[in-house]
Structure formats: structure tokens, C-alpha cells
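In the working numbering, the protein residues as written are 30 to 463.
C-beta: ideal position from N, C-alpha, C; glycine also.
First up is the structure itself, then whatever we jot down about it.
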């Protein structure tokens, strides 16, 4: 269920949410410290060096980031026997690190970035070495108290593994992420190992997997990930459910039927303060006989509105934008496009009312309709662009799995963590829920 047209967080609230959800952090350890760990993540362009790096004249090993970026990929599905084996190998490595004292705590009164000089940088180097994001040899290069390009590259590597925007800046959030105790991370890995084991059998020749805490979708074919897409998933009080189903139909330029929960929590309060809200968002009211009801006929200070159906017209303002990916489920959730593309770049993408907004959804829809007669890539592009209502049934339904995985390892040697946003891990993490 979605509420994009009803509620969109402003910049300040989004910032608070991002910091809140990441408060518990996402610290990690890499099985092979010298070989920089890889895992399938968001596009590699995000790992290119920031403008600050390019402008800093005193450069140490300027090619490090570019070479590393080429290795931050994995074709191994998260739900796979290979991932199970990687986690089983990683847990003893973390336990060994725990026996050596865990990892150093980071403290800094200033934001650290390339070019910074601070007494905190030597300890930052130690922390990055302890988690395998930086080799001991690189840690000894340059001036020890200077945040050089080696540190910048290692910080970005750390951020990528933990689902953070890889900007190379060590701010309060990154420090909180680094300071999560290793004991917590071991428990988190053990908990998620059970979840992944239960779903590591044969899931289909091709399927979709949505990882809720990672807010990321995998398109899997013949046992390999062919694409990954960022997503926006349910907020803490309107969670995206764990489920298994099959994608059976694609709806181009659909109507949006507003769920009762959103009518109650969002529409009624909005109409009490903004009487023209429905008109501005092209939302119409219908009674049980299908007759349209003018907003002026509804008592918005009572529960009368709950007797009606609310439907948003197709178009640019529609909560689902151009397309909806449907699959049967008791929670009536689905995947869809969004008019708010900027949210896909956030560290924290928990903004929806349970449904899943997919970045670059055209690629997903084209792949789903690949075997359906008449649905060439050009036909999909035309259907998205022409604005006409159209439904397309898949020739062969494609399995979809939605689950909750906050920690995993890859065959390339990286351990990933995401925030336990719904507080399901049971490891005592602090997830502030305002």
C-alpha cells in the first residue's frame, strides 16, 4: 500500500529519519583483509571520487578508487547456498577479531574528509584495517594524521558495504556505524544465517528478491544476479511484509485506489487543513454505487470519509506514476514506479506505506515481459510513454520473494550489514522509533 501522493517527507524530516534508522549502525568485518571485499551494490558510478578529492592537490595514489570500483560487484544472489557458506566462513573470522579486542572506537568533534588533518585519523586507519576496508600497508602510507586518498578509498569501501552513500565523508552517522560492537554484529550474522538457510534452495529459473532492510531488489536468472535496483520500502509503522508470491500482471498507467489506512491516517487530516488537497492531487471520491461524490459533501471532521472509495487518476501526479507490478498477497502490496525519484539516492529509504517503489523500473518490467508475445523492449517503452491505461499478463508468472535480511557475506569476502529498521533481529540494537 502506498501513500506517495498523500505524503512525501520534506528534506529535514528525511534527514531525521535517515539518522534515526541508521543510529544502530552497520559496522562490518571482511574475511580477506588485503583483498578489498566485493558485493553487488548500487551503480559503480557512486564510487567515483568526490569533487573534493579531485580538487585536493596533494594526492596519494589517485588511481586507487577507480581500480577498486571495478571489483565492488557480485553476481551471487543473496538467497543462495554460496551466501550461506560465506556467512559460515565469516562468523569465525569475526569471532577471532572479537578475541583480539574487537575494533577501535572512533571519536571526532569534526567531520573528516579527504584533506583533513586530525588526531582521530590514526585511529580511523586502525578501524578500517580491523574491518578489512584498508590494508595494513596502505594504512602506513602518507602522513598518519592526514585523511589522504587511501583513507578516502577505504571509507568509501566501508560505506558501500554498509548501504551508505559512498561520499568518503566520516560524519556522526558513519562514526555511529563504525562503533557498533562486534558482538552485536556476530549475533546479527547468526540470526540472518538462519533466515538465508531457509530460503537457499531452488527458487526458480528466474525470480525477483526484495531485501527489505537493504531496500534493494535483485533480478536473478540461472542462479546469477543480472540487475539490482534501489527501492523505497515501508516505514517503521507501515512495514513492508515478508511474503512469497508470483508476478502475474503489469499495469501501465494504473488508477491508484487509496487504502483505508491511508484515508484514515493521511487523507482525512489533510482535508481538514487543505480543502483543495484532493483536487490538486487528482483524487476522486466514489460511493458504493460507483457514483462520484464531491469533496464538499463529506464531513471531514467525522469518520464519514471511510464509507467511500478514493481513486487517483493516472498521470504524472499518480502515486504509482507510470506502472505497477502486481502479485497476489493478503496485504495488497505491490511494486511500482514513483514521481519522487530523488528518494532513491538516500541512505535510508523507508518512506512508503508498505508498497515498494523501484528505481529504473523500466528494466524490471521489460525483463518480466520478455517471454510475453508482443512485449519487446520498444513496446514496453512505448506503453510507459503514451499515458494510456493498459494491462499485460505475463505468459509465465515470475516468482517474487520479499524477506528481511540485515547481514550477509559474499563469496568475494565482504560482510554486509544493514540497519535493523523493524527491530526483528533480537540483538538488542537501538532503533529509535519516533
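According to DSSP, residue 381 shares a beta bridge with 263. From the listed residues 106, 246, 240, 178, the smallest Cα separation to residue 388 is found for 246. Two segments are said to touch when three or more pairs of C-beta atoms, one from each, lie closer than 8 angstroms; by this definition the stretch 270-290 touches the stretch 411-430. If you compare the alpha carbons of 142, 233, 163 with that of residue 429, the shortest gap goes to 233. For the stretch 92-159, there is no continuous beta strand (DSSP E) assignment of 3+ residues that stays within its boundaries.
Short of 6 angstroms from the beta carbon of residue 267, and not among the five residues preceding or following it, lie these beta carbons of its own chain, in chain order: 382, 383. In the pairwise beta carbon analysis, the stretch 137-152 is classified as touching the stretch 197-204: at least three pairs are separated by under 8 angstroms. Bounds of the beta strand (DSSP E) holding residue 240 are 235-240. Cβ-Cβ separation between residue 218 and residue 119: approximately 7 angstroms, consistent with a contact (criterion under 8 angstroms). In this structure, the CA atom of residue 447 is about 16 angstroms from the CA atom of residue 380. Distances from the CA of residue 222 to each of 452, 451, 445 were compared; the closest alpha carbon is that of 445. Under the DSSP assignment, residue 277 falls in the beta strand (DSSP E) whose first and last residues are 272-281.
In the three-state reduction of the DSSP assignment, residue 415 falls in the helix class, which pools H, G and I. Counting C-beta pairs with one atom in each stretch, the stretch 328-348 and the stretch 284-302 have three or more that are closer than 8 angstroms, which means they touch. Residue 250 sits in a strand when the DSSP states are folded into three classes. In this chain, the alpha helix (DSSP H) harbouring residue 202 covers 201-207.
In this structure, DSSP gives residue 268 a state outside helix and strand, which the three-state scheme calls coil.
Around the C-beta of residue 289, fewer than 16 other C-beta atoms lie within 10 Å, and the residue is accordingly described as exposed. When DSSP states are grouped into helix, strand and coil, residue 428 belongs to the strand group.
Ranked by Cα distance from residue 320, the first of 310, 337, 311 is 337. Every unbroken stretch of the beta strand (DSSP E) spanning 3 or more residues and falling wholly within the stretch 316-347 is given here in chain order: 338-341. By DSSP's assignment, residue 286 forms a beta bridge with 340. Residue 259 sits close to residue 378, with the two beta carbons spaced by under 8 angstroms. Residue 351 counts as buried, since at least 16 other C-beta atoms from the protein chains shown sit within 10 angstroms of its C-beta. Between residue 182 and residue 164, the alpha-carbon positions lie close to 11 angstroms from each other. Nearest to residue 385 by C-alpha distance, out of 205, 372, 293, 192, is 372.
Taking one beta carbon from each stretch, the stretch 436-445 and the stretch 104-117 have 3 or more pairs nearer than 8 angstroms; the two touch. It is roughly 11 angstroms from the alpha-carbon of residue 317 to the alpha-carbon of residue 335. Taking every protein chain shown into account, the CB of residue 420 has fewer than 16 other CB atoms within 10 angstroms, so this residue is exposed.
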